[in-house]
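Residue 67 in the working numbering sits at position 53 of the sequence shown; the count goes up by one each step and never skips. Note sheet for the following structure.
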Amino acid sequence: MLDKAKELLQEAEEFVSDIADEVDEFRIKYLSKKGGLITELFKDFKNVPNEQKKEFGQVLNELKNKVLDKVNFLNEKIKSKDTVKIGLDLTLSGDAKDFGSRHPISIVRNEIIEIFTRLGFTISEGPEIEDDLHVFSALNFPPEHPARDMQDTFFIEKNPDILLRTHTSSVQVRVMDNQKPPIRTISPGRVFRNEAISARAHCIFHQIEGLYIDKNVSFADLKQTLEYFAKELFGQNSKIRLRPSYFPFTEPSAEVDVSCSLCGGKGCNVCKYTGWLEILGCGMVDPNVLEANNIDSNKYTGFAFGMGIERITMLKYGIKDLRLFFENDLRFLKQFQ
Ligand code: PHE
15 MLDKAKELLQ EAEEFVSDIA DEVDEFRIKY LSKKGGLITE LFKDFKNVPN EQKKEFGQVL
75 NELKNKVLDK VNFLNEKIKS KDTVKIGLDL TLSGDAKDFG SRHPISIVRN EIIEIFTRLG
135 FTISEGPEIE DDLHVFSALN FPPEHPARDM QDTFFIEKNP DILLRTHTSS VQVRVMDNQK
195 PPIRTISPGR VFRNEAISAR AHCIFHQIEG LYIDKNVSFA DLKQTLEYFA KELFGQNSKI
255 RLRPSYFPFT EPSAEVDVSC SLCGGKGCNV CKYTGWLEIL GCGMVDPNVL EANNIDSNKY
315 TGFAFGMGIE RITMLKYGIK DLRLFFENDL RFLKQFQ
């Protein structure tokens, strides 16, 4: 009996664990009121020969204290380890959240979208990988026509041509496919052109193009719409002017300048001392485009316009290098909180 108790004492002394469940098992094994090893030994006390009773009692007490101490010690250790693991210190002050900011291109895109939705334009989107029909043919670019060179195209496959869209006018072809006039929509999105990257050009950029087709849509409607747009975006004192231009899909076509918002039209290095900044291309939808998209050009007329969001953003914020938009340098982006 005495030997058994000494054996248990030895065992208890050697026990180590850093797992809470194991320590609990150990405690129950020794100390449980029902069937615990120590409890059972105490029950056997009466069978111990008298001359051993004293020593037996001492060993049992020692064993009981040892087990209690061990359990407390191991539990403390496990607890302190847990705290370190979670790093939970409720007395520390909280971490400030580092909020991001919107990309300037998103800010200006949203602003432009908002202006046109106020005028009743819907938003339409389409694929970035397109075919020749939607980017060129349905927009009155005849095959082999040199006008296709105006937009240096990234081709993915030849015959039939699969390519990255060079403008979001392709989305408007899809809208004309699926909708009957009146159509009033803008298509924001990424476009791709095979151009050398510089401060003023990139092979990827963003556009918003607009299309309005209905009965009796006139050039005056186009001009009025763009004037409203320019005043909303660049300030109520802004003026616009239209210069004749050429696009295959519009006739007549024009390029639109806005009075320089940085110098108020007096002339500065941003407007190259002209007082004007070019912001977009536009025109009356060529009847050939309407017919190619199954819209009766005797009944309907329309206008279209298209602008680069990078360019507008550069003009609005006085940004000199277009590449900044693609570098995602936080020092640049954080200026647009
Ligand atoms: N699609 C033309 C471009 O990408 C812009 C444009 C749209 C011009 C509509 C006129 C009318 O350059």
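Glycine included, every Cβ here is placed at the ideal spot set by N, Cα and C.
**OP:** State yes or no: is the C-beta of Ser-120 nearer than 7 Å to some heavy atom of the ligand PHE?
**Re:** Residue mapping note: residue 120 aligns to position 106 of the sequence shown, counting from 1. With a cut-off of 7 Å, the C-beta of Ser-120 is classified as distant from the ligand PHE, since no heavy atom of the ligand falls inside that distance.
**OP:** Return the first residue and the last residue of the beta strand (DSSP E) that Met-328 is part of.
**Re:** Residue mapping note: residue 328 aligns to position 314 of the sequence shown, counting from 1. Met-328: not part of any beta strand (DSSP E); member of the alpha helix (DSSP H) spanning 323-331, first to last residue.
Original post:
What are the start and end residues of each continuous alpha helix (DSSP H) run of 4 or more residues lying completely inside the region 273-341, in chain order?
Top reply: DSSP assignment within the region 273-341 yields the following whole alpha helix (DSSP H) runs of 4 residues or more, N-terminal first: 301-306, 323-331, 338-341.
Original post:
Which value, in whole angstroms, describes the spacing of the CA atoms of Gln-349 and Gly-316?
Top reply: Taking the sequence shown and counting its residues from 1, one reaches residue 349 at position 335. Taking the sequence shown and counting its residues from 1, one reaches residue 316 at position 302. Straight through space, the alpha carbons of Gly-316 and Gln-349 are spaced by roughly 39 Å.
Original post:
Do Ala-244 and the ligand PHE come close, with the Cβ less than 7 Å from some heavy atom?
Top reply: The count along the sequence shown starts at 1 and reaches residue 244 at position 230. No; taking the cut-off as 7 Å, the Cβ of Ala-244 has no heavy atom of the ligand PHE nearer than that.
**OP:** Compute the minimum distance between the beta carbon of Ala-318 and the heavy atoms of the ligand PHE, and state whether it is under 7 Å.
**Re:** Indexing the sequence shown from 1 puts residue 318 at position 304. Checking the Cβ of Ala-318 against the ligand PHE gives yes.
Subject >> Element boundaries [beta strand (DSSP E), containing Leu-256] >> reply: As a position in the sequence shown, residue 256 is number 242, starting the count at 1. Unbroken beta strand (DSSP E) run through Leu-256: 254-261.
**OP:** Assign Gly-178 to one of two classes, buried (16 or more other C-beta atoms within 10 Å of its C-beta) or exposed (fewer than that).
**Re:** Position 164 of the sequence shown, counted from the first residue, corresponds to residue 178. In the sequence on display, residue 178 carries Leu and not Gly. Taking all protein chains in view, the Cβ of Leu-178 is crowded by 16 or more other Cβ atoms within 10 Å, so the residue is classified as buried.
**OP:** Could you check the C-alpha separation between Asp-235 and Leu-147 for me, to the nearest Å?
**Re:** Here residue 235 is taken as the residue at index 221 of the sequence shown, counted from 1. Here residue 147 is taken as the residue at index 133 of the sequence shown, counted from 1. It is roughly 29 Å from the alpha-carbon of Asp-235 to the alpha-carbon of Leu-147.
**OP:** Spatial neighbours of Val-73 within its chain, please: CB distance less than 8 Å, with the 5 preceding and 5 following residues excluded, ordered by chain position.
**Re:** Along the sequence shown, read from residue 1 onward, the residue named residue 73 stands at position 59. Excluding sequence positions up to five before and after Val-73, its CB lies within less than 8 Å of the CB of Leu-16, Ala-19, Lys-20, Leu-23, all in the same chain and listed in chain order.
Subject >> Cross-strand partners of Gln-221 (DSSP beta bridge) >> reply: Along the sequence shown, read from residue 1 onward, the residue named residue 221 stands at position 207. Here Gln-221 is bridged, per DSSP, to Gly-203, Gly-322.
Original post:
What's the C-alpha gap between Phe-40 and Leu-55?
Top reply: Taking the first residue of the sequence shown as position 1, residue 40 is located at position 26. Taking the first residue of the sequence shown as position 1, residue 55 is located at position 41. Each residue's alpha carbon lies about 16 Å from the other.
Original post:
My guess is that Leu-225 and Thr-199 are in contact by the Cβ rule of under 8 Å, so how many angstroms apart are they, rounded?
Top reply: As a working mapping, residue 225 is identified with position 211 in the sequence shown. As a working mapping, residue 199 is identified with position 185 in the sequence shown. Contact flag correct, Cβ pair sits at about 6 Å.
Original post:
In its own chain, which residues sit with a C-beta less than 8 Å from the C-beta of Gly-71, not counting the 5 before and 5 after it?
Top reply: As a working mapping, residue 71 is identified with position 57 in the sequence shown. The answer, listed in chain order, is Phe-59.
Original post:
Going by DSSP, which residues form a beta bridge with Asp-271?
Top reply: The residue given as residue 271 occupies position 257 in the sequence shown. Paired residues: Arg-255, Glu-292.
Subject >> Cα-Cα separation between Gly-140 and His-181, rounded to whole angstroms >> reply: The residue given as residue 140 occupies position 126 in the sequence shown. The residue given as residue 181 occupies position 167 in the sequence shown. Per the coordinates, the alpha-carbon of Gly-140 lies some 11 Å from the alpha-carbon of His-181.
Original post:
Just checking my contact of His-220 with Pro-196 at CB under 8 Å: how many whole Å lie between their CB atoms?
Top reply: In the sequence shown, counting from the first residue as 1, residue 220 sits at position 206. In the sequence shown, counting from the first residue as 1, residue 196 sits at position 182. Not confirmed; about 27 Å, so no contact.
Original post:
Do Ala-318 and Phe-263 have their C-beta atoms closer together than 8 Å?
Top reply: As a working note, residue 318 is residue 304 in the sequence shown. As a working note, residue 263 is residue 249 in the sequence shown. The answer is yes: Cβ separation under 8 Å.
**OP:** Measure the alpha-carbon distance for Ile-52 versus Asn-61 and round it to whole angstroms.
**Re:** As a working mapping, residue 52 is identified with position 38 in the sequence shown. As a working mapping, residue 61 is identified with position 47 in the sequence shown. Taking the straight line from one Cα to the other gives about 15 Å.
Original post:
Under 8 Å between the Cβ atoms of Ile-323 and Ile-129?
Top reply: If you number the sequence shown from 1, residue 323 lands on position 309. If you number the sequence shown from 1, residue 129 lands on position 115. No. Outside cutoff.
Original post:
Does the beta-carbon of His-159 have 16 or more other beta-carbons within 10 angstroms, so that it is buried, or is it exposed?
Top reply: For the purposes of this step, residue 159 is taken as residue 145 along the sequence shown, with counting starting at 1. With fewer than 16 Cβ atoms within 10 Å of its Cβ, His-159 is classed as exposed.
Original post:
What does DSSP give as the partner residues of Leu-178 in its beta bridges?
Top reply: As a working mapping, residue 178 is identified with position 164 in the sequence shown. Paired residues: Ile-143.
**OP:** Less than 8 Å between the CB atoms is what I'm expecting for Ile-143 and Ile-176, so what's the real figure, rounded?
**Re:** Locating residue 143 in the sequence shown gives position 129, counting from the first residue. Locating residue 176 in the sequence shown gives position 162, counting from the first residue. Contact flag correct, Cβ pair sits at about 7 Å.
Original post:
Hey, is the region 265-278 in contact with the region 290-303, meaning 3+ C-beta pairs nearer than 8 Å?
Top reply: These segments touch.
Subject >> Inter-residue CB distance, Leu-276 and Val-270 (contact presumed, cutoff 8 Å) >> reply: Indexing the sequence shown from 1 puts residue 276 at position 262. Indexing the sequence shown from 1 puts residue 270 at position 256. With 8 Å as the limit, Leu-276 and Val-270 do not qualify as a contact, their Cβ atoms being about 18 Å apart.
Original post:
Grouping DSSP H, G and I as helix and E and B as strand, with all else coil, what is Thr-239?
Top reply: Working through the sequence shown from its first residue, we reach residue 239 at position 225. Helix, per DSSP.
**OP:** Kindly list the residues whose CB is nearer than 7 Å to the CB of Lys-229, restricted to its own chain and excluding five residues on each side of it in sequence; keep chain order.
**Re:** Here residue 229 refers to the residue found at position 215 of the sequence shown. If we look at Lys-229 and ignore the five residues flanking it on each side, its Cβ neighbours are Lys-313, Tyr-314.
**OP:** Could you tell me whether any non-hydrogen atom of the ligand PHE is closer than 7 Å to the CB of Gln-193?
**Re:** On the sequence shown, position 179 is the one that residue 193 refers to. Outside the cutoff, so no.
**OP:** Report whether the distance from the Cβ of Gly-279 to the nearest heavy atom of the ligand PHE is below 7 Å.
**Re:** Translated into positions along the sequence shown, residue 279 becomes position 265. It does not: the Cβ of Gly-279 is nowhere closer than 7 Å to a heavy atom of the ligand PHE.
Original post:
Do Ala-213 and Arg-337 have their CB atoms nearer than 8 Å?
Top reply: Counting from one through the sequence shown, the residue named residue 213 turns up at place 199. Counting from one through the sequence shown, the residue named residue 337 turns up at place 323. For Ala-213 and Arg-337, yes; Cβs fall inside 8 Å.
Original post:
Roughly how many angstroms separate the alpha carbons of Gly-50 and Thr-105, rounded to a whole number?
Top reply: As a position in the sequence shown, residue 50 is number 36, starting the count at 1. As a position in the sequence shown, residue 105 is number 91, starting the count at 1. Gly-50 and Thr-105: Cα-Cα distance of roughly 41 Å.
Subject >> Ile-127 - containing beta strand (DSSP E), residue span >> reply: Residue 127 sits at position 113 when you count from the first residue of the sequence shown. Going by DSSP, Ile-127 is part of no beta strand (DSSP E) but of the alpha helix (DSSP H) stretching over 118-132.
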